[in-house]
Each structure stands twice: as C-alpha cells, then as structure tokens.
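Peer 1: Using my numbering, read the sequence shown as starting at 113 and increasing by one per residue. The beta-carbon is built from N, C-alpha and C at its ideal position, and this holds for glycine as well. Got a structure here, written out as structure tokens. Questions coming.
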Amino acid sequence: MLLILAWIAVMLIAGTWWVRRDITAYARFQTQSDTIDRQRLYRRWLIESFVVLVSASVFSLWLSDALWPFNGFPSAFAPASRLLQSDGSISGDQWLPIAIGLFFGMVLSVAIKWWQIKKSLAPGAGPDQALIPRNRREATLALLLSLNAGFSEELFFRLALPLLFLQVTGSLTVSLVLSMLAFGLAHAHYGWKGVLATTAAGALLTIYYLHHGSLLRVMTAHAVIDITAFFIRPAIADLILSRKAPRWTIAAS
C-alpha cells in the first residue's frame, strides 16, 4: 500500500508539472504559423504521451496486481468486469450513486458536445482549433496523435488509474470519479471550458466502457472522437462555409 501511495504522489507531482508545461506549450503553439515548428510540437506530444502514459499504465497495473502474468490477467485490454471484480460484490446501495453520477455525466457530456457542434462550424471556434492540421504532413501527425490518444489515454485513465485508486479507496465510485477528473484536468491546456468538455466526455466513455466491457471499443471511440474534431468537423466547415477544400488536404509548402 505504501508503494501505491508513493506512486500516486509521484504521478500527482509529475502530472502537475506536465500539465503546466503543456499549457505554456499549447499557448505558444496557438501563435505559431510555421508548419515546421508545428510539426515539431506534434511529434513531441505524440512521443511523450505514448511513452509516459503507457509506461505509467503498465507500472500501475503491476501495482494493482492486474498485469499478466499476475493474477492470471491475460492482457491490458481488459473487460470492465476486471474493475467490478476488484471491488468485490457490489450491493444495490453502492450501484445507486454510480448510476446517478454516470447518468448526470452522460447528460452533461451530450449537452456540451451538442453546444460544441453548434459552435464548431464557425471559423476559429473551439479550444482545440489550433490542433487542426493545416496541410498533409500535419494531417499525418494529427492522425497519429488521435490514434495514440485513443490507445494510451484510455489505457491509463479508463483502466490503470481506476484500478490503482481502487486499491487505496476501496470504492469503485470514488475511483471512477477521480479518474474522470484527472482525465479532464490533463487537458487543462484547452482552458476551463475544455476541461469541462473533456471531463464530460470521460464520463460518457466510462459509461460506454462499463456497458460494453471492452477497452478496445472505448479506445476506438476515443480515436473516432478526435478524428472527427480534427478532420471531419473542420472539413464540413471548409466545404460549407468557405466553399474550399479541407485545409488538411493541402500539400505542405
């Protein structure tokens, strides 16, 4: 238990430093027009997020006794039942706050996403607009970022972190809520609106995970959400409002 608490403290300190650095880096990224500089930051975020989140996930799963060959657990692509089994038998009284919290999370997520969709067709709208690729080379990196976010973020925030919190709190509800809050705060570079939207999206992804029991499905859903935000949504705006080809189809100069 002491090792788990120490690891959580390390992640809290390192995560705070990482988020603060990302806030500064993203602010700088929003002002950059040179595609070479933009591609450099795309690559840095891609490599760092993969290495850090996957490594932290593997170590957290090991500490939670949930990584092969420990406890007969075959892989990190775990069903959601692994979380439920870790909490022992869950009574009806325990399920009630989980259901209520996830329901309101789902309602909030749908409301925020609908608001985002309505505003997203306006040029320059949305906290993530700077990440929309401006040429084909940026598009390749943005696609890899989307796929990586689906894999590494879901592995960490939907499986490894809840299992780790579960070892300390003994409560599935608290573990899920803490993980969703951490997921939202990890995107603080988008501003407070982005944190709210990401937290709500995390609640919706958690519901989807617990319902279907497949982490791979949630990873795919996360990647699709990002691809829609960075490619499909701006393409619709370019075609309908500006009557021009999507910006990410332009060859890099």
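Tell me where the alpha helix (DSSP H) around residue 341 begins and ends.
Peer 2: Premise fails: residue 341 is in no alpha helix (DSSP H) and is neither H nor E.
Peer 1: Around the C-beta of residue 249, are 16 or more other C-beta atoms found within 10 angstroms, so that it is buried, or is it exposed?
Peer 2: It is buried - the Cβ of residue 249 has at least 16 other Cβ atoms within 10 Å.
Peer 1: What number of angstroms, rounded off, separates the C-alpha of residue 306 from the C-alpha of residue 261?
Peer 2: In a straight line, the C-alpha of residue 306 is about 16 Å away from that of residue 261.
Peer 1: Could you spell out the range, first to last residue, of the alpha helix (DSSP H) harbouring residue 305?
Peer 2: Element bounds for residue 305: 303–324.
Peer 1: Going by beta carbon distance, what residues of the same chain come within less than 7 Å of residue 268, once the five residues before and after it are set aside?
Peer 2: Answer for residue 268: 165, 168, 169, listed in chain order.
Peer 1: Starting from residue 285, trace the alpha helix (DSSP H) in both directions and tell me its first and last residue.
Peer 2: 284–297 is the span of the alpha helix (DSSP H), which, as asked, contains residue 285.
Peer 1: Our contact map puts residue 321 next to residue 327 with C-beta atoms below 8 Å; I'd like the distance itself, whole angstroms only.
Peer 2: Yes, they are in contact, since the Cβ atoms of residue 321 and residue 327 sit about 7 Å apart, within 8 Å.
Peer 1: Rounded to whole angstroms, how far is the Cβ of residue 254 from the Cβ of residue 342, which I believe are closer than 8 Å?
Peer 2: That belief holds up - the Cβ atoms of residue 254 and residue 342 are roughly 5 Å apart, short of 8 Å.
Peer 1: Assign residue 125 to buried or exposed, taking buried as 16 or more other Cβ atoms, counted over all protein chains shown, within 10 Å of its Cβ.
Peer 2: Result: exposed.
Peer 1: Hey, out of 355, 336, 303, 324, whose CA is closest to residue 131's CA?
Peer 2: Measuring from the Cα of residue 131, the nearest candidate turns out to be 303.
Peer 1: What did DSSP end up calling residue 362 once you bin it into helix, strand or coil?
Peer 2: Here residue 362 sits in coil by DSSP.
Peer 1: Grouping DSSP H, G and I as helix and E and B as strand, with all else coil, what is residue 279?
Peer 2: Helix at residue 279.
Peer 1: For the alpha helix (DSSP H) that residue 127 lies in, which residues bound it at each end?
Peer 2: Taken as a continuous stretch (DSSP letters only), the alpha helix (DSSP H) holding residue 127 covers 114–143.
Peer 1: Name the two residues that bound the continuous alpha helix (DSSP H) containing residue 247.
Peer 2: It is not in any alpha helix (DSSP H) - residue 247 carries neither H nor E in the DSSP assignment.
Peer 1: Compare the beta carbon distance of residue 293 and residue 318 with 7 Å and say whether it is the shorter of the two.
Peer 2: Not in contact: residue 293 and residue 318 (Cβ atoms no closer than 7 Å).
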